[in-house]
Structures are given as structure tokens and as C-alpha cells.
Amino acid sequence: MPHNLYKKALLEKKTSATYRTLGVRPPSRLCFASNDYLGLSNHPAIKQELLNALELDRVGATGSRLLSGNAAFINAFENQIALDKNQEAALIFNSGFQANLTILATLLNKQILGQEPLVFADRLNHASMHAGCQLAGIRQQRYQHLDLNHLETLLKKHQHLPRPKFILTESIFGMDGDQIDLESLSQLADKHGAFLYVDEAHATGVAGNHGYGLTSSCKGRVHGAMGTFSKALGLAGAYFAGDTLIKDYLVNFAPGFIYSTAQPFPILYAANKAWNMVRDMEAERSHLQLLRSILQQELDQLGLATTPSTSHIFAIVFRCADRTLAVAEKLKNQGIAVSVIRPPTVPMGSSRLRIALKATHRIEDIQQLVEALKNNT
């Protein structure tokens, strides 16, 4: 039995201050630990849409999309996503992790491609993207975070190899809060004939054309974009947007789509409602930018080590996991919730407090957070 080996692995986690537990977070006066960037998870219109859906349709999808789990409203929702993302087609998945895992494993399939593709990936991409590559049995060429010069060096180094090329990146990085230069990256991908795949999980709802992500204003230059309904839209699920050929390919070859029961219908009705609300939330996005600017100035004055954020996500880097946990505990005792991020989610020596801003935060909330950080770091 392997139990002793599992026990040893857990002990190593405990001694390195990276052990995780499923604790229930107590109510907080101020929460900066949520991905609910637009405050839609508790929006009355979204709740009402869920109630309406319960009266209108069944709860469970009862099967995969290819069997009993499809409906006309889902097809229409996907068409709207594609339109707003400036793509030909879209396909809904059950979660962001599932989407990246099965999409990338399917796109990078060596049997279909006839050879192993060359995959160039930002070093700080989300774990689900790395897992998708691992599932495909692909060795990634990882370039330094957001360093397009390094990426181009790697592309040139391998340009003599007649193998399919893919570039994988997030648009807004969930652990650092910085973002890609999409125009330059798309030009580089075009120059080298590479398939550009962008994870928009943290950009959907809060960035780009009408809030539909950075790739929404880059027609024809991004070959695949994944985003989620579980962050700024306040619900659950994910989408892929790309051309019709890629959608058809995924429907026929992506096991995570083919063999998964579809999302519960009320969730998709509500996600559709949230998606359509996003385009009219410019005031909320402007407020997020104001809060972002204020917090950045305050953190700079405190002299805390932060990642170079350009978005609604901030990270205060303490390096040591024990110290990060201690500061978070002090803030919790004052009714302020922040996220503790430790390896392996982030590289060794970069443990941090992750602060996520929401459109429902007030300027006074930022001031209270800053005051608490001043007294407890």
C-alpha cells in the first residue's frame, strides 16, 4: 500500500509551510480574496435569472452536449460569445481548468499533427496550461515572463524545424496582475506562423472591448482564446473562442468536452445574463481602475515589494511562506481577507499576499486595507 509515501509527501508540505486545508473562511468585513471582480456573484439580476431558469427549464443537463445536454439557448449563447470575442465560433466548457486541460491536449495531439509540435509558453502560465501540455506529452520551451525578446530568440532558434508552432500565454496574469503586449505578441506569432492561444480568465469582464477580454479587439490575430464565467461573471464555467474549424475539431476530438455532462442549465442561463450585462458595466470598470491607481500609490509609499501589476490584481511578495501566513492571519483578525499564495502555485521564494479588487469596493475600503498593512507588515 502506498499510504506511507503519501504521508511522507504531506509531511514535506507541512514542514515547508505549503500544506493546504479546506478551512471555511469566516465572514470578513472586507474581502480582497475573491475573483468576483464585478460583484456579479450576488447581483439581484443574476439571482433572478437563476430563479426564472428553474421555472423555465430542467436543472441538470442530463448528459453531455453531444447526447441530451444541448439546447438552443446554449447555441445562441456561444454565438454571442463568438461575436463579442471577434471570432467565428465559441464552445462552452464546465470550468477553466477543464477547458485548458482538454483544449491544449487536443490541439497539441502528436498523432493528429503527425509530429511533436513546438510549444512556447510563458513561464508563469496557469497550472492548467502546463497540465494540458503534460497530458499531450509535450516538452515546453518556456520563455521568461512577458519577455518577447526571449520568446523571439527561442522562435528563431527553432525556425529551421518544420513542426507546428504554438504560443501559450495568459492575457492578465492571475498571480502577478501584469498583462501581455497583445499587439506585439500577435505580430510575433504571425511572423513565425505560430498558433497563438490566450487564457483570458482574469481579463474576461474587466478588460478589452466592452469588457470581453484583451483579445476581443484583435480580430484574426489570436487563434484561440479561453475565458471563464467563474471570476468577473460570478458563476461557473468557461468558453473557448476561435474559428469554426477549431470548434468542430474540439467537438470531435476533445475528450473533456465529449465525455463530460454539460453544465446545469440554470447556471448557463445566468452566465448568459451576466455575459450580456458586462457590456454595460463601463462605470464599474472605470471604478476598478480608480481603485487600482489609489492602491498602487499607497503600496509604493509603504515600500512593500509588489509585482508590476497593471490590473485589478496585486501581489505583495514576502518571499517566506511563514511570514506571508503570519501577515494574512493578522489581517484576518482585523476582519480583512486576502489570499495567501505559496509554492507550487508560484515559484519558490515568491510567497505572497494576493489582493483582488472588486467594483463593489469603496475608496475607504482601500484606505482601511492600507492602514492594516502599514501596521502589520
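Counting along the sequence shown from 1, when you hit position 65 you're at 79 in our numbering, and nothing is skipped either side. By construction, the Cβ of each residue, glycine as well, lies at the ideal position given by its N, Cα and C atoms.
Report, in whole angstroms, the separation of the C-beta atoms of residue i and residue j, which I expect to be a contact under 8 Å.
i      : j      : result
VAL220 : LEU302 : 6 Å
ILE60  : GLY248 : 6 Å
PHE328 : SER365 : With a Cβ gap of about 15 Å, PHE328 and SER365 do not count as contacting.
ARG177 : GLN129 : 6 Å
ASP204 : ARG235 : 7 Å
ILE377 : ILE308 : 6 Å
GLU92  : TYR283 : That pair is no contact at about 14 Å.
LYS75  : PHE279 : Note on residue identity: the sequence assigns Ala, not Lys, to residue 75. Contact flag correct, Cβ pair sits at about 6 Å.
TYR51  : ALA246 : 4 Å
Starting from residue i, trace the alpha helix (DSSP H) in both directions and tell me its first and last residue.
i      : result
LEU127 : 124-127
PHE111 : 110-121
PHE87  : 86-98
ILE260 : 258-267
SER142 : 141-150
GLN155 : Where GLN155 is concerned, there is no enclosing alpha helix (DSSP H), although the beta strand (DSSP E) it sits in stretches over 154-157.
LEU160 : LEU160 -> no alpha helix (DSSP H), and no H or E assigned at all.
GLN173 : Counting along the chain, GLN173 falls outside any alpha helix (DSSP H), and DSSP gives it neither H nor E.
Taking the beta strand (DSSP E) that residue i falls in, what are its first and last residues?
i      : result
LYS179 : 179-184
PHE187 : No beta strand (DSSP E) contains PHE187, which DSSP labels as neither H nor E.
ARG341 : The identity of residue 341 in the sequence shown is Val, whereas the question assumes Arg. Taken as a continuous stretch (DSSP letters only), VAL341 belongs to no beta strand (DSSP E), being part of the alpha helix (DSSP H) at 335-347.
TYR211 : 208-213
LEU105 : 103-107
ASP136 : 132-136
ILE308 : Here ILE308 belongs to no beta strand (DSSP E); instead the alpha helix (DSSP H) covers 296-316.
SER353 : 353-355
LEU367 : 365-370
ALA239 : 238-242
Using a threshold of 9 Å, state whether the C-beta atoms of residue i and residue j are closer than that.
i      : j      : result
LEU122 : PHE180 : yes
ALA250 : VAL212 : no
LEU371 : ARG293 : no
ILE272 : LEU80  : yes
ILE10  : PHE267 : Any answer about residue 10 is impossible in this case: the structure gives the chain only from 15 up to 391.
VAL354 : THR338 : yes
THR116 : LEU259 : no
ASN114 : ALA145 : yes
PHE134 : ALA85  : no
LEU14  : TYR33  : Nothing can be reported for residue 14, as the shown portion of the chain is limited to 15 through 391.
LEU202 : LEU228 : no
GLN154 : HIS206 : no
GLY191 : SER48  : no
VAL352 : MET189 : no
MET143 : GLU184 : yes
Excluding five sequence neighbours on each side, which residues of the same chain lie with their C-beta closer than 7 Å to the C-beta of residue i?
i      : result
ASP336 : ALA31
ALA96  : GLU102, ALA103, ALA104 and ALA255
HIS159 : ASP136, ARG137 and LEU138
VAL341 : PHE332, LEU367, ASN390 and THR391
CYS334 : SER365
GLY225 : GLY219, VAL292, ARG293, MET295 and ARG299
LYS344 : ASN390
Can you list, in chain order, the residues of its chain whose CB lies under 8 Å from that of residue i, leaving out five sequence neighbours each side?
i      : result
LEU316 : VAL384, LEU387, LYS388 and THR391
SER231 : ASN100, GLY222 and ASN223
GLY77  : GLY83, THR275 and ALA276
ASP257 : GLN101, GLU102, ALA103 and HIS237
LEU162 : ASP195, SER198, LEU199 and LEU202
Residues in its own chain within less than 6 Å of residue i by CB, not counting five upstream and five downstream?
i      : result
GLY110 : ALA215, THR242 and ALA252
ALA141 : none
LYS261 : ALA103 and LEU105
Does residue i get closer than 9 Å to chain B when you measure Cβ to Cβ?
i     : result
ARG43 : The structure shown has no chain B; it contains just one protein chain.
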